[in-house]
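The structure appears below as structure tokens.
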Amino acid sequence: LDELRLMLQDCPLLVIRHDNEFLYKFLCLTNWNVDETFKRMNAYFKFRKDNPKYFLFGPIDLLEKLIRSNCKFLLERPDRYGKWVYVVKVARYVHANNVYEIAQLDDLWLTSIIDDPNTIKNGVSILIDAKDVPLRLVSWITPRHSRIMSQKSELAPIRITFHLVNSSKAMNMGVKLVFPFLSDDAKKTIHFHYSDWESLHQWIGKEVLPVEYGGSVTHLDHEKLREKIYNNVDKILEGM
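In my numbering, the protein residues as written are 6 to 245.
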């Protein structure tokens, strides 16, 4: 930790936290390779600077409408594999004004658990529900947007695996458009399950999943789930 902290102190233009908790999560991503961690941190914060619209830098109430659409949300607790599960209902993106809001909403939710020991150790499972996605959303999938979102997930200080469930014509078109712009490493993190719940449950514990994904949870209290955001506003704002 001290070695990395000294390296960062020699970069006056990189104005970030230097506390142990903050540095620890970056070091875990590289198996405590200090040089690689330093490079990754520089790349991540340069990426944030170069693509500010894809990150949340304003008051969270700007996203209140999108938050309440429940297009994205964290489930109540980590699953049996020690991973938080982040559910993405793509069809509800129609409530967003633009693609930037969708990207910013990820920051809002994931920052609320980014310092959790489960997150640092095991990462996060992102469950992407492709059901009933309207064709008009395909127009948002541009080559530039695809590259930026892929880079954002690869550079983020968190391990992410993606799990696609259900299907729709629009989502199938979207996947065909996006895949050519993904790195080989990014492609390895994506798993297609469609409606095969047994396949999904090999990666995500059914005990935390709603019944619509073959899980055991019969009711989701979204008001309670959103408390993860509202109870962590200070941490979220600090991370901007």
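Ideal Cβ positions, reconstructed from N, Cα and C, are used throughout, including at glycine.
Item: For Lys94, the three-state DSSP class (helix, strand or coil); Value: strand
Item: 6 Å CB neighbourhood of Tyr91 in its chain, flanking five on each side removed; Value: Leu79, Val129, Ile131
Item: Integer-rounded CB distance, given that Ser200 should sit under 8 Å from Asn171; Value: 6 Å
Item: Supposed close pair Glu243, Ala191 - CB separation, criterion 8 Å; Value: That pair is no contact at about 28 Å.
Item: Glu81 and Val39 closer than 8 Å at C-beta; Value: no
Item: Alpha-carbon to alpha-carbon, Phe31 and Asp15; Value: 18 Å
Item: Ala48 versus Leu6: straight-line alpha-carbon distance, rounded; Value: 19 Å
Item: The region 208-215 in contact with the region 181-191 per 3-pair CB rule at 8 Å; Value: no
Item: Close Cβ partners of Asn237 (< 8 Å) along its chain, the five nearest in sequence each way excluded; Value: Thr116, Ser117
Item: Closest residue to Pro140 among His150, Val99, Glu106, Gly210 (Cα-Cα distance); Value: The sequence given here places Leu at residue 140; Pro does not occur at that position. Here the closest residue by C-alpha is Val99.
Item: Classification of Pro57 by the beta-carbon crowding that lies within 10 angstroms, buried from 16 upward; Value: exposed
Item: Contacting residues, own chain, Cβ-Cβ under 6 Å from Asn127 (five flanking each side not counted); Value: Gly87, Lys88
Item: Outcome for Thr223 when other beta-carbon atoms lying within 10 angstroms are tallied against a minimum of 16; Value: exposed
Item: Assigned exposure category for Thr147 - 16 Cβ within 10 Å defines buried; Value: exposed
Item: Cβ-Cβ distance between Val143 and Ala175 below 8 Å; Value: yes
Item: Residue nearest to Lys54 in terms of C-alpha spacing, selected from Arg85, Asn102, Thr35, Ile153; Value: Ile153
Item: Length at least 3, wholly inside the region 57-132: the beta strand (DSSP E) runs in chain order; Value: 77-79, 89-94
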